[in-house]
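Taking it in order: structure first as structure tokens, then the write-up.
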Amino acid sequence: MAIQAGRLNILNDVAPRADGAYVVYLLQQANRAHGNPALEYAVEEANRLGLPVLACFGLLDGANGFPEANARHYAFLLQGLADAKAGLDKRGIGFVMRKASPADIAIDLAKNAALLVLDRGYLAIQKSWYGQIVDAVKTRIVQVEGDVVVPVAVASGKHEYAARTLRPKLHKLLDEYIAPLTQRQVKHKAGRGLPTSEIDISDPDAVLAGMSLDRDVAPVRRFIGGETEARRRLAAYLAGPFASYGAERNKPEAAAASHMSPYLHFGQISPVEIALAVRAAKKGGDADKASYLEELIVRRELAMNHVHYTKGYDSYAHAVPEWARKTLAEQADDPRPHAYTERQLAEGETHDIYWNAAQAEMRETGYMHNHLRMYWGKKILEWSPSPEEGFRRTLRLNNRYFLDGRDANSFTNVAWIYGLHDRPWARRKIFGTVRYQSENSLRKFDAKAYLKTVEKLCRAEA
Ligand SMILES: Cc1cc2nc3c(=O)[nH]c(=O)nc-3n(C[C@H](O)[C@H](O)[C@H](O)COP(=O)(O)OP(=O)(O)OC[C@H]3O[C@@H](n4cnc5c(N)ncnc54)[C@H](O)[C@@H]3O)c2cc1C
């Protein structure tokens, strides 16, 4: 199947360099060797030009580390890259990894390339790499948007007000974009003479040990990185728990969620591949499928839309809508019956045993169910000295402990706690007209069973 034209963005519209030795692909967002439109585009072009493909990855380390990334995130990332490299090897695609910024490695390898292919993320730091690359590289550059179902600007040319305004725009395009991606045969295998890797990623633990990073947040046993593991998990999920997604997706103890978010965050699986598998699932009815695709496509791509079209998406002043900031400011002097420091929050030392359990799941295992993330975030707003400080704390904790943190979804959903993509509700203390979530929401599921589950999960990490 051809790659949809809407996924392609030509960033430097010149002919491929005639004396190029390879097609280089900066595999920075889509960390996978299969189901990756940017990689398949690179293979297709390389076949046409009679050249091999060289994929590359710039590993940010030490003072230049990726903002807020720690040992937990890097362990998962490196496991994923080891798996991607094994997949690339089998296909005859070269892979070069260096301790360098993604922009620097791409600029350097592009010097001898006929064509540079980029994949696409939406965070400010990723956009800054693309800007540096476009300024420095003289050869043809094509960017391929393959970590969303519908390319962000194709879906909408503006910041969307809410899911209800983006949903119809996405739905119109789903038939075009939820389509299988044919794997191209590599005609010219990577061999000797191509640049070689500075880093041996076949031993991700050794690479991690050699890095200079924040090790206070440890890697987790609960999730192993990589596309092979992502596909194994997806298949097991669709063969079992998925059948109750529609009815039980808001029950954290029921284990009906897919746990795909870390794999999506690191580009270790394609959302299109997940959507196709969900549509084809034998278990699960129409309601389960519709509900899952609503989260995977509408909610996730609403987050991409927000981050793409909001300068300063990580700040309270820019990410939170005006009506919400106004109502929260009006209540800023309301007494806080419970007030905690950020350390107390991080350690789960509040009066609320269920909140503490959710925090423990996050801190020790890197994950929390969506229903609890909402409760967790609303309580931080309630227990913080000001909404601005609550926002900053929520984002810091979110990005520090979640494996799927530092994502478009992180920034957008933390802002949702403060009113983004939502509407005013009945006025109350501290929250004003921003949606409140009471302890009653814990009655909608078996909270005691959840406590036991978390104890078990945390014991397994110890
Ligand atoms: C305060 C708060 C913070 C959050 N922080 C993050 C974060 O850092 N990273 C992150 O990826 N998600 C975040 N979310 C969204 C959501 O909670 C997670 O995506 C979801 O819980 C991941 O688990 P899962 O893969 O098992 O989800 P499933 O229920 O199996 O859903 C499948 C996929 O749909 C998408 N999805 C599900 N719920 C949402 C949602 N509410 N918004 C957008 N996409 C969704 C995710 O990509 C998810 O992997 C946050 C939500 C809240 C309320």
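Going left to right, the sequence shown walks through residues 1 to 462 as our numbering numbers them. Cβ atoms here follow ideal geometry from the backbone N, Cα and C, with glycine treated the same way. Model, not experiment: these values are computed from the prediction.
Could you tell me if the beta carbon of leucine 345 falls within a distance shorter than 7 Å of some heavy atom in ligand 1?
Residue mapping note: residue 345 aligns to position 345 of the sequence shown, counting from 1. Result no, Cβ not under 7 Å from ligand 1.
Nearest neighbour of valine 463, chosen from Arg396, Leu51, Arg343 and Glu322 [CA to CA]:
A query on residue 463 cannot be resolved here, the shown segment of the chain reaching from 1 to 462 and no further.
Cysteine 56 bridges to which residues according to DSSP?
Translated into the one-based positions of the sequence shown, residue 56 becomes position 56. Beta-bridge pairing links cysteine 56 to Leu26 and Val96.
Does glutamine 143 come out as helix, strand or coil in the three-state DSSP assignment?
Taking the first residue of the sequence shown as 1, we reach residue 143 at position 143. DSSP places glutamine 143 in strand when its eight states are reduced to three.
Beta-carbon spacing of serine 270, glycine 35 below 8 Å
On the sequence shown, residue 270 is found 270 positions in, with the first residue counted as 1. On the sequence shown, residue 35 is found 35 positions in, with the first residue counted as 1. It is a contact, given that the beta carbons lie within the stated cut-off.
Residues in the same chain with beta-carbon distance under 6 Å from glycine 348, minus the five sequence neighbours each way, listed in chain order, please.
In the sequence shown, counting from the first residue as 1, residue 348 sits at position 348. Within the same chain, glycine 348 has close Cβ partners Asn356, Gln359 and Ala360.
Unbroken beta strand (DSSP E) run spanning leucine 116, endpoints:
For the purposes of this step, residue 116 is taken as the residue at position 116 of the sequence shown. Leucine 116 -> beta strand (DSSP E) spans 113 to 118.
For asparagine 9: DSSP bridge partner residues:
Residue mapping note: residue 9 aligns to position 9 of the sequence shown, counting from 1. Asparagine 9 pairs with Gln143.
Proximity to valine 148 [Cα-Cα], best of Leu442, Pro195, Lys283 and Glu295
Numbered from its first residue, the sequence shown carries residue 148 at position 148. Nearest of Leu442, Pro195, Lys283 and Glu295 to valine 148, Cα basis: Glu295.
Let me make sure I understand the geometry here. Which of Gly62, Ala75 and Tyr401 has the alpha-carbon closest to that of lysine 99?
On the sequence shown, position 99 is the one that residue 99 refers to. Comparing Cα-Cα distances from lysine 99 to each of Gly62, Ala75 and Tyr401, the minimum goes to Gly62.
Rounded to whole angstroms, what's the CA-CA distance from serine 261 to glutamate 330? Just pull it up for me.
Within the sequence shown, the letter at position 261 stands for residue 261. Within the sequence shown, the letter at position 330 stands for residue 330. Cα-Cα distance, rounded: 36 Å.
Do alanine 319 and phenylalanine 402 have their C-beta atoms within less than 8 Å of each other?
Numbered from 1 along the sequence shown, position 319 holds the residue referred to as residue 319. Numbered from 1 along the sequence shown, position 402 holds the residue referred to as residue 402. It is not a contact, given that the beta carbons lie outside the stated cut-off.
So is aspartate 205 buried or exposed if we call it buried at 16+ other beta carbons inside 10 Å?
For the purposes of this step, residue 205 is taken as the residue at position 205 of the sequence shown. Exposed: under 16 other Cβ atoms inside 10 Å.
Start-end ranges of the beta strand (DSSP E) lying completely within the region 168 to 227, minimum 3 residues
none
Closest by CA to valine 144, which one among His351, Gln4 and Glu388?
Looking up residue 144 in the sequence shown gives position 144. Considering only alpha carbons, the answer is Gln4.
Taking 8 Å as the cut-off, does the region 27 to 45 touch the region 172 to 188 (at least 3 CB pairs, one atom from each stretch)?
yes
Checking the sheet assignment: what are the DSSP bridge partners for glycine 432?
For this step, residue 432 is matched to residue 432 along the sequence shown. Arg428.
Own chain, CB closer than 7 Å to tyrosine 74, minus 5 neighbours either side, in chain order
Locating residue 74 in the sequence shown gives position 74, where the first residue counts as 1. Closer than 7 Å at the Cβ level, and outside the excluded window around tyrosine 74, lie Leu208, Met211 and Leu213.
Sorry if obvious, but does the Cβ on valine 414 come closer than 7 Å to a heavy atom of ligand 1?
Taking the first residue of the sequence shown as position 1, residue 414 is located at position 414. Yes, the beta carbon of valine 414 sits closer than 7 Å to at least one heavy atom of ligand 1.
What does the Cβ neighbour count give for proline 385, buried or exposed, with the cut at 16 atoms within 10 Å?
Counted from its first residue, the sequence shown places residue 385 at position 385. Looking at its Cβ environment, which holds fewer than 16 other Cβ atoms inside 10 Å, proline 385 is exposed.
C-alpha distance - threonine 228 paired with alanine 86, whole-angstrom precision
Walking along the sequence shown from the start, residue 228 turns up at place 228. Walking along the sequence shown from the start, residue 86 turns up at place 86. Near 10 Å, if we compare the C-alpha coordinates of alanine 86 and threonine 228.
When we look at the beta-carbon of alanine 275 and count the other beta-carbons within 10 Å, is it buried (16 or more) or exposed?
Within the sequence shown, numbered from 1, the residue matching residue 275 stands at position 275. When all chains shown are included, alanine 275 counts as buried.
Other residues of its chain near valine 298: CB distance less than 7 Å, five sequence neighbours each side excluded
Taking the first residue of the sequence shown as 1, we reach residue 298 at position 298. The answer, listed in chain order, is Ala163, Leu166, Arg167 and Leu170.
Ligand 1 and histidine 265: does any heavy atom of the ligand fall closer than 7 Å to the residue's C-beta?
Along the sequence shown, read from residue 1 onward, the residue named residue 265 stands at position 265. Yes, ligand 1 has a heavy atom inside 7 Å of this Cβ.
Range covered by the alpha helix (DSSP H) that runs through alanine 358
Indexing the sequence shown from 1 puts residue 358 at position 358. It spans 353 to 365 - the alpha helix (DSSP H) in which alanine 358 sits, taken as one unbroken run.
Quick check on serine 258: buried or exposed, where buried means 16 or more other Cβ atoms within 10 Å of its Cβ?
Position 258 of the sequence shown, counted from the first residue, corresponds to residue 258. Buried, since its Cβ has 16 or more Cβ neighbours within 10 Å.
Just checking lysine 161 against ligand 1 - is the residue's beta carbon closer than 7 Å to any of the ligand's heavy atoms?
Residue numbering aside, residue 161 sits at position 161 when the sequence shown is read from its first letter. Rather than lysine, the amino acid found at residue 161 in this sequence is tyrosine. Incorrect: tyrosine 161 has no Cβ contact closer than 7 Å to ligand 1.
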